[in-house]
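Q: Each residue of the sequence shown is one higher than the last, beginning at 10 in my numbering. Each residue gets a CB set at the ideal place from its N, CA and C atoms; glycine is no exception.
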Amino acid sequence: MTTKKYYGILLPPVITLCLIGFFFMFFGIFPFGNKTVSWCDMNQQTIPLLMDLKDILEGKSSIFYSTGNAGGMNFWGVFLFFIASPFYLLVIFIEKSHLIYFVNILFAVKLTVSSITAAIYFKYSHKKLKTGYVVILSVMYALCGYGIMYYQTLVWLDIMYLFPLLVMSIEKMCTQNKSAMYCAVLSLMVAINYYLSFMIVIYIMISVPLFIYIRCRSNQRKKAAFSFISSSFISLLITAPVWLCSFLQISESARGGNTISGIMYDNMFKNTGNKLSVIMCTALCAAVIPFFIKNKITRKKSVQYNLILLAFMTAPVFLDPINKMWHTGSYQCFPLRYGFIIIFTLLTLSAHYFESIGEYGKTSYGFAVILIILVLSFFAVSVYTVKTKKNTLTSYVNILHISKDSLKILITLAVFACLIYIISIITVRQKLLSYKMFCLIISGVFITEFSISASVNIGYAVNDGEIFTSSASLENKTAQEPYYRTKTEKKYLHVNMIGGLGYNSISHYTSLTSEQYMYAMKKLGYSSYWMEVGSNGGTILTDALLSIKYSIGEYFGFNSCQSIIKTDSKLKIAENKICCPIGILSNTAPEKMSDLDFDDRFSVQSELAERLLGSDEMLHKYNSSYIADGTVKYKNGKYIITAAEPDKALCQIRYSLNIKENQILYFDVFDRLSNNISENYYESVKVYVNGNCITSSYPSQKNNGILKLGEFNNESVEIIIIMTKDIAVKSFGVFGIETETFKYYTDKLQGCDFYSHGRFITANLNAEHESYLYMAIPYDKGLTAYINGKKTTLYKVNDSFCAVKLRSGKNSIKLSFMPSGMVISLMMLIAGIVTTIVWKLKLSRLSRPRQILCKLSSLFCIICFTGTFIFIYIIPTALRLAVWISDLISK
Numbered sequence: 010m011t012t013k014k015y016y017g018i019l020l021p022p023v024i025t026l027c028l029i030g031f032f033f034m035f036f037g038i039f040p041f042g043n044k045t046v047s048w049c050d051m052n053q054q055t056i057p058l059l060m061d062l063k064d065i066l067e068g069k070s071s072i073f074y075s076t077g078n079a080g081g082m083n084f085w086g087v088f089l090f091f092i093a094s095p096f097y098l099l100v101i102f103i104e105k106s107h108l109i110y111f112v113n114i115l116f117a118v119k120l121t122v123s124s125i126t127a128a129i130y131f132k133y134s135h136k137k138l139k140t141g142y143v144v145i146l147s148v149m150y151a152l153c154g155y156g157i158m159y160y161q162t163l164v165w166l167d168i169m170y171l172f173p174l175l176v177m178s179i180e181k182m183c184t185q186n187k188s189a190m191y192c193a194v195l196s197l198m199v200a201i202n203y204y205l206s207f208m209i210v211i212y213i214m215i216s217v218p219l220f221i222y223i224r225c226r227s228n229q230r231k232k233a234a235f236s237f238i239s240s241s242f243i244s245l246l247i248t249a250p251v252w253l254c255s256f257l258q259i260s261e262s263a264r265g266g267n268t269i270s271g272i273m274y275d276n277m278f279k280n281t282g283n284k285l286s287v288i289m290c291t292a293l294c295a296a297v298i299p300f301f302i303k304n305k306i307t308r309k310k311s312v313q314y315n316l317i318l319l320a321f322m323t324a325p326v327f328l329d330p331i332n333k334m335w336h337t338g339s340y341q342c343f344p345l346r347y348g349f350i351i352i353f354t355l356l357t358l359s360a361h362y363f364e365s366i367g368e369y370g371k372t373s374y375g376f377a378v379i380l381i382i383l384v385l386s387f388f389a390v391s392v393y394t395v396k397t398k399k400n401t402l403t404s405y406v407n408i409l410h411i412s413k414d415s416l417k418i419l420i421t422l423a424v425f426a427c428l429i430y431i432i433s434i435i436t437v438r439q440k441l442l443s444y445k446m447f448c449l450i451i452s453g454v455f456i457t458e459f460s461i462s463a464s465v466n467i468g469y470a471v472n473d474g475e476i477f478t479s480s481a482s483l484e485n486k487t488a489q490e491p492y493y494r495t496k497t498e499k500k501y502l503h504v505n506m507i508g509g510l511g512y513n514s515i516s517h518y519t520s521l522t523s524e525q526y527m528y529a530m531k532k533l534g535y536s537s538y539w540m541e542v543g544s545n546g547g548t549i550l551t552d553a554l555l556s557i558k559y560s561i562g563e564y565f566g567f568n569s570c571q572s573i574i575k576t577d578s579k580l581k582i583a584e585n586k587i588c589c590p591i592g593i594l595s596n597t598a599p600e601k602m603s604d605l606d607f608d609d610r611f612s613v614q615s616e617l618a619e620r621l622l623g624s625d626e627m628l629h630k631y632n633s634s635y636i637a638d639g640t641v642k643y644k645n646g647k648y649i650i651t652a653a654e655p656d657k658a659l660c661q662i663r664y665s666l667n668i669k670e671n672q673i674l675y676f677d678v679f680d681r682l683s684n685n686i687s688e689n690y691y692e693s694v695k696v697y698v699n700g701n702c703i704t705s706s707y708p709s710q711k712n713n714g715i716l717k718l719g720e721f722n723n724e725s726v727e728i729i730i731i732m733t734k735d736i737a738v739k740s741f742g743v744f745g746i747e748t749e750t751f752k753y754y755t756d757k758l759q760g761c762d763f764y765s766h767g768r769f770i771t772a773n774l775n776a777e778h779e780s781y782l783y784m785a786i787p788y789d790k791g792l793t794a795y796i797n798g799k800k801t802t803l804y805k806v807n808d809s810f811c812a813v814k815l816r817s818g819k820n821s822i823k824l825s826f827m828p829s830g831m832v833i834s835l836m837m838l839i840a841g842i843v844t845t846i847v848w849k850l851k852l853s854r855l856s857r858p859r860q861i862l863c864k865l866s867s868l869f870c871i872i873c874f875t876g877t878f879i880f881i882y883i884i885p886t887a888l889r890l891a892v893w894i895s896d897l898i899s900k
């Protein structure tokens, strides 16, 4: 065998890697400079979670339970959502401080692998396709708009490179009755990222029945249907520990939202421009489609199949109710997360067309010169546009949204590229271009397209990783014992970074953030929005009760109850002198402290102090001294603040306080429990303390927790609140906490320290009589409590925390964690393995049962397709149209 035979597979990764390398070199990206491609979700989620994975691989923490996130949480779903890629195992060899550059390599490698898998598919499924086209189409897939725009969640690229193998496996399963590859690839996709696998399942439910009833012969269909249903069922069973446990966890998350309302009332054509921008980087796909009209090639079953499949895949691009269903009911950004499927389907159709071209003529130098001039013109215009329209084209990297002006520019460039492709195809069909010259022309156009896309979506976002570098200097390389936590005084770091650096933390940001935990933390006064719970905010009281012993902040940002212990970095770490252990003894029965009553956030502080400290005398709520140019009324549980003349004056609220004992003062503006990205009362307040502006825009997305005004002792304090707009909120006002009185009560506390050991948390405590132990550990159905080796009831208290009943005398306390659904999912896994073995050894030889199963599979195949079509396509569209018609009638 000659090496030439493998050029189609060997050349795509080489070319892909070279193009990425040249791009990295041009923008000074590591390893050709000190810049990183990391931004957005890669900074906020991928890198900190890779740090967590490194700790797991080194045996410092558990894959099931993380004390570095959300005060202690089920980490299994997080692992499977973000960091289950086999490539991520390499982090064990990488220092945490170097991960900001390691992601550059991962990005390049995954796109390169995508070119290999695409080449394998084109070589297998399009045997008549010339090598040059295999190379070009494979590189196009690897460097398409999806990979260049959506790489921030790096694990999505794993599903992208596996997808061509899935398509190939479907063909083998349906035409050759070989289902092992299909079962293996599908299972691998589910294991690596179950979220995108939901979209893969929708694709399978549509594509496989279409394949069977369009491309298979009538005598093959029942066998193909049986292979599909049986292998899918096996995959379902063996991946149960992934999807079942993850589903149970995500069902408890704050991601929810009203799916039906979003489908019915949001714009039907929402985000169409953003979706199209993912596909526009491969304009060849659009250029080829018109050539299928009245073309004999459409008589081929394989072409008919892909054209119908394309119709199904592109409908959600234009009809957002359908698109929402593809995204499990809702999405925040990245509105075409399955875009690689559309692009690959389009490239497959391009492959079919190129196979049909037949003979090529000799190059007409006149036409060749014209086309080369067009390509060079396209390149020149693109370079000029990208350079001069930078402020317009940066909309995506600034707000993850393509602005109208940016979209117009990108569409114009895409149309230019499309015209060159069309002219080139017409020219080659007229036998005026040779095969090699045609490949050269379309390669030149695509390289220009890639340059535009990469410059706009990566080049404009590259940075030197300064925030990460300063954060990494705080890494904790020694285990903290006993179990205490660390917070940030302000949002200096991305919230997942604290846990990634090796500290126990109350903060977290992924789609798995528990709703009950998020809302409890909101009540306690910590800043949060969307799926992010921060550690900034709160008070000295809640910090102590949550066992926050260490704080990260700036030199002058700490109070007298904190002493700086780490000074060799830009940010300092201070130890909190007032800190309670994780476990606190209480005589109050759990039934009486199950929920936190939420009148306002000051009342929650008072309630916690009464329940756990026995008194709230350290807390003082202050009334305003003077109100000017407006009114403050308390009505129906809300503070209603309005300006007397909104167009002329701003309402001012003054607090004139005489502080005698040492106090830390706080101010709060808060209304309701939600995960909204923004609230109408945000940016409503300016705060001045003794003439100094504490904040000019509070609350905000990054800072909506309780605001610390400062520490004061034996002095007069004047606080001026200037309202910048009228608001109605549940919580509003100034309060203080006396530090000495608070310390007096915390010193009296009885409790115990806990120790974390992977998925176990342990403590020992001698109790004089039967009592209850409140634990500042978030409640989870996967937690099981043991006292002296015997299982005991684990109570949920204070909205989201745990308590157990202690016996008189010695108590050896142990909390064990196992993700909900793990036991039953392991049973399903075993059942899947046994079923596979039994079938291969015995049942596959029995013709009668096989015939019955084939008939049933064929029927079930139709049901799957019909159900998917109705549920994903018909119902959401009908709901939106019903609202539209209703609105028309009402008008």
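When DSSP builds the beta bridges, which residues end up paired with Asp-677?
A: For the purposes of this step, residue 677 is taken as residue 668 along the sequence shown, with counting starting at 1. The partner list for Asp-677 (beta bridge, DSSP) reads Gly-742.
Q: DSSP has Ser-693 in a bridge; who is on the other side?
A: Taking the sequence shown and counting its residues from 1, the one referred to as residue 693 is at position 684. Ser-693 is not bridged to any residue.
Q: Using the three-state DSSP reduction, which class does Met-60 fall into: helix, strand or coil?
A: Here residue 60 is taken as the residue at index 51 of the sequence shown, counted from 1. In this structure, Met-60 counts as helix in the three-state DSSP scheme.
Q: How is the beta strand (DSSP E) around Gln-661 delimited, first residue to last?
A: For the purposes of this step, residue 661 is identified with residue 652 of the sequence shown, where counting begins at 1. Gln-661 -> beta strand (DSSP E) spans 661 to 668.
Q: Tell me, please, which residues DSSP counts as bridged to Ala-481.
A: In the sequence shown, counting from the first residue as 1, residue 481 sits at position 472. BP columns for Ala-481 are empty, so no partner.
Q: Give the single residue among Cys-183, Ile-467, Cys-254, Ile-238 whose Cα lies nearest to the Cα of Ile-221.
A: By one-based count along the sequence shown, residue 221 stands at place 212. Ile-221 has its Cα closest to that of Cys-183, out of Cys-183, Ile-467, Cys-254, Ile-238.
Q: Leaving out five residues on either side along the sequence, give the residues of the same chain with a beta carbon under 6 Å from the beta carbon of Val-837.
A: Taking the sequence shown and counting its residues from 1, the one referred to as residue 837 is at position 828. First, the amino acid is wrong: residue 837 is Met here, not Val. Closer than 6 Å at Cβ, skipping near neighbours: Leu-246, Ala-249.
Q: Closer than 7 Å by C-beta to Lys-819: which residues in its own chain qualify, once you throw out the five before and the five after it? Chain order, please.
A: Locating residue 819 in the sequence shown gives position 810, where the first residue counts as 1. Excluding residues within five positions, the ones whose Cβ falls inside 7 Å are Asn-775.
Q: Express the C-alpha separation of Trp-85 and Gly-791 in angstroms, rounding to a whole number.
A: Within the sequence shown, the letter at position 782 stands for residue 791. Within the sequence shown, the letter at position 76 stands for residue 85. For Gly-791 and Trp-85, the distance between alpha carbons rounds to 11 Å.
Q: Buried or exposed: where does Ser-572 fall if 16 or more other Cβ atoms within 10 Å of its Cβ makes it buried?
A: Looking up residue 572 in the sequence shown gives position 563. Its Cβ having fewer than 16 others within 10 Å, Ser-572 is exposed.
Q: Quick one: what does DSSP say Cys-192 is sitting in, helix, strand or coil?
A: On the sequence shown, position 183 is the one that residue 192 refers to. Three-state result, Cys-192: helix.
Q: Is it a yes or a no for the stretch 506 to 524 touching the stretch 253 to 266, going by three-plus beta-carbon pairs under 8 Å?
A: Touching, yes, given that three or more Cβ pairs across the two stretches are closer than 8 Å.
Q: In angstroms with no decimal places, state the Cα-to-Cα distance between Met-10 and Ser-75.
A: Residue 10 sits at position 1 when you count from the first residue of the sequence shown. Residue 75 sits at position 66 when you count from the first residue of the sequence shown. Caution applies to Met-10, whose pLDDT of 43 falls short of 50 and renders its modelled position unreliable; the model cannot decide the point.
Q: Only counting the same chain, and skipping five residues up and downstream in sequence, which positions put a Cβ closer than 7 Å to that of Ala-292?
A: Within the sequence shown, residue 292 is the residue found at index 283, counting from 1. The answer, listed in chain order, is Ala-423, Ala-426, Cys-427, Tyr-430, Glu-458.
Q: Grab me the residues of Val-92's own chain with a C-beta within less than 8 Å of its C-beta, minus the 5 sequence neighbours each way, in chain order.
A: For the purposes of this step, residue 92 is taken as residue 83 along the sequence shown, with counting starting at 1. Checking the sequence shown, residue 92 turns out to be Ile, not Val. Hits under 8 Å: Thr-55, Leu-58, Leu-59, Asp-61, Leu-62, Val-164.
Q: Give me the DSSP bridge partner(s) of Gly-592.
A: Stepping through the sequence shown from its first residue, residue 592 is reached at position 583. Answer is Cys-761, Met-784, bridged to Gly-592.
Q: Would you please state the rounded distance, in angstroms, between the beta carbons of Asn-283 and Pro-344? I believe it to be under 8 Å.
A: Locating residue 283 in the sequence shown gives position 274, where the first residue counts as 1. Locating residue 344 in the sequence shown gives position 335, where the first residue counts as 1. That pair is a contact at about 5 Å.
Q: Indicate whether Arg-494 and Lys-558 have their beta-carbon atoms separated by less than 9 Å.
A: Walking along the sequence shown from the start, residue 494 turns up at place 485. Walking along the sequence shown from the start, residue 558 turns up at place 549. Contact flag set, yes.
Q: Mind checking Val-100: buried by the 16 CB within 10 Å criterion, or exposed?
A: Your numbering for residue 100 matches position 91 in the sequence shown. By the neighbour-count rule (16 or more Cβ atoms within 10 Å), Val-100 is buried.
Q: What would DSSP say about Met-10, mapped onto helix, strand or coil?
A: Within the sequence shown, the letter at position 1 stands for residue 10. Only weak support exists for where Met-10 lies, its pLDDT of 43 falling under 50; the value from the coordinates is given anyway. In this structure, Met-10 counts as coil in the three-state DSSP scheme.
Q: Extract the residue ranges of the alpha helix (DSSP H) inside the stretch 19 to 75, only unbroken runs of 4 or more that lie entirely within it.
A: Segments of the alpha helix (DSSP H) lying fully in the stretch 19 to 75: 56 to 66.
Q: How would you call Glu-563, buried or exposed, if buried means at least 16 neighbouring beta carbons within 10 angstroms?
A: Translated into the one-based positions of the sequence shown, residue 563 becomes position 554. Burial call: exposed.
Q: Between which residues of its own chain and Ser-536 is the CB-CB distance below 6 Å, once the five residues before and five after are set aside?
A: The count along the sequence shown starts at 1 and reaches residue 536 at position 527. Closer than 6 Å at Cβ, skipping near neighbours: Gly-543, Asn-545, Gly-546, Asn-712, Asn-713, Gly-714.
Q: Verify whether the separation of the beta carbon atoms of Leu-419 and Pro-828 is less than 9 Å.
A: Indexing the sequence shown from 1 puts residue 419 at position 410. Indexing the sequence shown from 1 puts residue 828 at position 819. No, the Cβ-Cβ distance between Leu-419 and Pro-828 is not below 9 Å.
Q: Answer with buried or exposed for Tyr-635, where buried requires no fewer than 16 other C-beta atoms within 10 angstroms of its C-beta.
A: The residue you call residue 635 lines up with position 626 of the sequence shown. Result: exposed.
Q: What does Ile-320 pair with, by DSSP beta-bridge criteria?
A: Counting from one through the sequence shown, the residue named residue 320 turns up at place 311. Reading off the sequence, residue 320 comes out as Ala, not Ile. Ala-320 pairs with nothing; no bridge assigned.
Q: Use the C-beta contact count for Arg-620: other C-beta atoms within 10 angstroms, 16 or more gives buried, fewer gives exposed.
A: If you number the sequence shown from 1, residue 620 lands on position 611. That one is buried.
Q: Is the beta carbon of Phe-676 sitting closer than 9 Å to the one on Tyr-707?
A: On the sequence shown, residue 676 is found 667 positions in, with the first residue counted as 1. On the sequence shown, residue 707 is found 698 positions in, with the first residue counted as 1. In this structure, Tyr-707 lies closer than 9 Å to Phe-676 by Cβ.
Q: Check whether the Cβ atoms of Asp-808 and Asp-604 sit closer than 9 Å, and answer yes or no.
A: Looking up residue 808 in the sequence shown gives position 799. Looking up residue 604 in the sequence shown gives position 595. Contact flag set, yes.
Q: Where Glu-484 and Leu-716 are concerned, what is the direct C-alpha to C-alpha distance, given to the nearest angstrom?
A: Counted from its first residue, the sequence shown places residue 484 at position 475. Counted from its first residue, the sequence shown places residue 716 at position 707. Each residue's alpha carbon lies about 27 Å from the other.
Q: With distances taken between CB atoms, is the gap from Val-194 to Ser-178 smaller than 9 Å?
A: Here residue 194 refers to the residue found at position 185 when the sequence shown is read from its first residue. Here residue 178 refers to the residue found at position 169 when the sequence shown is read from its first residue. In contact: Val-194 and Ser-178 (Cβ atoms closer than 9 Å).
Q: Give the secondary structure of Ser-462 by DSSP, where H, G and I count as helix, E and B as strand, and everything else as coil.
A: For this step, residue 462 is matched to residue 453 along the sequence shown. The answer is helix: DSSP assigns Ser-462 an H, G or I state.
Q: Quick check on DSSP: helix, strand or coil for Gly-719?
A: Here residue 719 corresponds to residue number 710 of the sequence shown, with the count starting at 1. Gly-719 falls in the strand class under three-state DSSP.
Q: Using C-beta distances below 8 Å, list every residue in its chain close to Leu-659, excluding the 5 sequence neighbours before and after it, in chain order.
A: Taking the first residue of the sequence shown as 1, we reach residue 659 at position 650. So the list reads Asp-638, Gly-639, Ala-652, Ile-731, Met-732, Thr-733, once near-sequence residues are dropped.
Q: Tell me, please, whether the stretch 588 to 598 touches the stretch 504 to 522 by the rule of three or more beta-carbon pairs shorter than 8 Å.
A: In short, these stretches do not touch, since the Cβ pair count stays below three.
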